[in-house]
Every structure is written in C-alpha cells, then in structure tokens.
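Position one of the sequence shown corresponds to residue -13 (my numbering), numbered consecutively onward. Read through the structure below, which is laid out as structure tokens, and then see the notes.
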Amino acid sequence: MKILIFFLLLTTSSLAQKLPTRWDELTASDWQRAMDSSSQTCILPIGILEKHGPHAPFGSDLIHVREWAARATQSEYAVVFPDYFYGQINEAKQQPGTFALPSRVVWDLLEATCEEIGRNGFQKIVIINGHGSNPSLLRYFVQTQLERKRNYVVYFFEPGRDSAYLAKIRTTRKTDPATDQHAGESETSSLLYLRPDLVKMEVATAESGKNLKRLSLPNLYTAIWWYAGYPNHYAGEGARASRELGKIITENTIESLVNALKVVKKDTQTLALQNEYFEKVLGTPKSAFSLADELKKLKDLYDTGSLTKKEYEATRNKVIVKW
Ligand SMILES: [Zn+2]
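Take a look at the structure:
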C-alpha cells in the first residue's frame, strides 16, 4: 500500500512538473490547469530577426527572451506565447537577414496578438523584450491600452539592476559600457551562457563594431543616428565576451523576472483600477464644451427662478465634481 501511495504521489508530482509552459506545447486537456497555475498570466516574449555582428545568430534577441521565459517559469509558472519576431527594425534593412515589417503591420499584429491572448481568458499579459530598438514602441503600445476598455492588463517587464549586480558587472566586464551595445561583449556573453552552440567566436573580429561618429547633432534625435554610427549593425566587441559575464547577466534577469511574475500573478489592483478608470471615462461628458453646456442650463434654471440659490450652487458643485 505504502509503495502504491509512493508511486501515486510520484506520478501526480511528475505530471504537475510536466505541465508545459509554452502555449504551443500545451494540449486542450492541459488548458484549464495552465490557466489556473498561471493565474491567467501569459508572457509574450518579443525578439527580432536581425544581424548580430558577424558571429551571433539572427534570432539572438528572441533566443534571450525565450530562454528567460523558459527558465523563469520553471519556478513561477506562466504560459509562454510562442516565437514572436515582429518589432521595430527599420535601421538595419541594408544588412542580410533583417525581417522588417511595415510599421502598421507591426502595430496591428501586436494589438491583435494581445487581443487574442485576452480573448482566450488571460487577464495578464507580460511583454518581455530582447531587442534594443523596441522599447519606445512597446512603451507607447502600453500607453495606448487606455484608449479603450479591455478585460486584460499589458505589463512591460524591464529587469531590475541593483547595486550588487552593477558592482559584479563592473569587475567582470572588460570593455567600456558606453561602447558595449549591439552584439558586443555583454550580449555575446549571455549568448555564450544560453546557447554557446550558436556563437561563432572565431569570426567576431571579422568586422568593426566601432562607432564611426558620422553625425554630431547634440539634443536632436533622427532616425539615421544608428546607421550613422554603426553601418555594420554591430556595436562593441563580441570577441571579448565570456560565459562568466553571461551567467551574471542571465541569472540577475531571471531572478528579476521571477519576482515580477510573482507580483503580476497576485495583482488584482491594476485591472480593478483600469476598470474604475473606464467607468469614469464612459460616464463623463465628452468634452469641456459639454460641461459648459450643462452649467449654462443650470444657470438658466436659476435665472428663471426654477432653482433657489442654494439648490443652484449645490447642483453646480455636483456637476463639476462628476465631470
Ligand atoms: Zn540583440
């Protein structure tokens, strides 16, 4: 009997462990358990297809977020949306392997993807981004969530970096942080930690990742700034990468993501506030003009003697507060 119970426990616990996190690996019979275990939380990892120096894979950014999601959800369950390569990459179309969709398609696809995730019952969508040129797009996308009412919240995860982490990075990184950017030491290091089989270190110096500084426009932003500095779409020195640095970056990011998932899964306040906000938006006169209109009607009632001064003032205050 004891042995039977032991085996039963073993089977149930190994079944529990086997609940896949990737949406595309779940079955219909897993779905409800996945929804419950995730507290209706779905991670949307966003990468891009673009050149990463001469040495790192086109999908480097997606590889990062996919691995972070896969590893973080081992300790904090959430459903993970499958590969999503679509974002802002207009600055590297001169390079092979860049997949840059028109901006409207990028926007509509992201909006439709979140809508479909929400329609499936997820109340919480956590975007994690691996591509350096996406944050402006993603922040604006998150802001536009208040354009109309919806039954889910979109969260944008950005890893927390504390002083202990920054100190560790300072002593381990070999190149100047200001120049260590796209496919440079840090990014190549985390790839060496996550997917060393995909990195070709022997060709990392085949091109220069130096800033050519061909534009100097202080306090001004243009679309061509990146190409002006880095026409090779390579910024930094991938050849100086180490697995050790990659381990520090990755472990910090995953720890930060696990904590964020814990917060999101418990969070009921954000959706409640979002709903409260829309109740007010929908119950509010559409413009200052309608407020003025409403106040004029009250004044007319007062002027014609239909309201006492006291009634007029009290109603007027109520209308202003409600507005
Ligand atoms: Zn990258």
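Don't be surprised by glycine CBs; every beta carbon is placed ideally from N, CA and C.
Residue closest to residue i, alpha-carbon to alpha-carbon, out of the options
i: GLU171; options: ALA221, VAL250, PHE71, TYR138; result: ALA221
i: GLU262; options: THR301, THR236, ASN238, ASN137; result: ASN137
i: SER25; options: LYS295, VAL65, LYS251, ALA278; result: LYS251
i: PRO217; options: TRP54, LYS79, MET21; result: LYS79
i: LEU123; options: ARG105, ILE111, LEU96, GLN109; result: LEU96
i: PRO163; options: TYR207, HIS117, ALA227; result: ALA227
i: GLU230; options: GLY39, ASN205, SER15, THR158; result: THR158
i: GLY215; options: LEU198, ALA278, TYR207; result: LEU198
i: ALA98; options: GLU237, LEU247, TYR70; result: TYR70
i: MET21; options: ARG105, LEU259, ILE306; result: ARG105
i: VAL305; options: LEU281, VAL244, SER292, THR290; result: LEU281
Under 8 Å between C-beta atoms of residue i and residue j
i: LEU5; j: SER23; result: yes
i: ALA42; j: GLY224; result: yes
i: VAL66; j: ALA56; result: yes
i: SER119; j: GLN81; result: no
i: ILE113; j: TYR141; result: yes
i: ALA190; j: THR174; result: yes
i: ILE210; j: HIS117; result: no
i: ILE103; j: LYS154; result: no
i: SER46; j: LEU178; result: no
i: PRO68; j: ASP148; result: no
Exposure label - residue i; buried when at least 16 CB within 10 Å
i: LYS285; result: exposed
i: TYR126; result: exposed
i: PRO31; result: buried
i: GLY107; result: exposed
i: GLN255; result: exposed
i: ASN115; result: buried
i: THR130; result: exposed
Close beta carbons around residue i, own chain, < 7 Å, minus the five adjacent residues each side
i: LEU87; result: TYR72
Close beta carbons around residue i, own chain, < 8 Å, minus the five adjacent residues each side
i: LEU268; result: LYS135
i: ARG181; result: PRO43, ILE49, GLU53
i: LYS295; result: TYR288
i: LEU201; result: THR208, ILE210, TRP211, ALA214, GLY215
Cβ neighbours of residue i in the same chain (closer than 6 Å, five flanking residues each side left out)
i: LEU132; result: none
i: THR239; result: TRP54, PRO145
Whole beta strand (DSSP E) runs in the stretch 101 to 179 with 3 or more residues, listed along the chain?
Runs found: 110 to 115, 139 to 143.
Please specify which runs of the beta strand (DSSP E), each continuous and at least 3 residues long, are wholly inside the stretch 191 to 245, giving them in chain order.
Complete beta strand (DSSP E) runs here, min 3: none at all.
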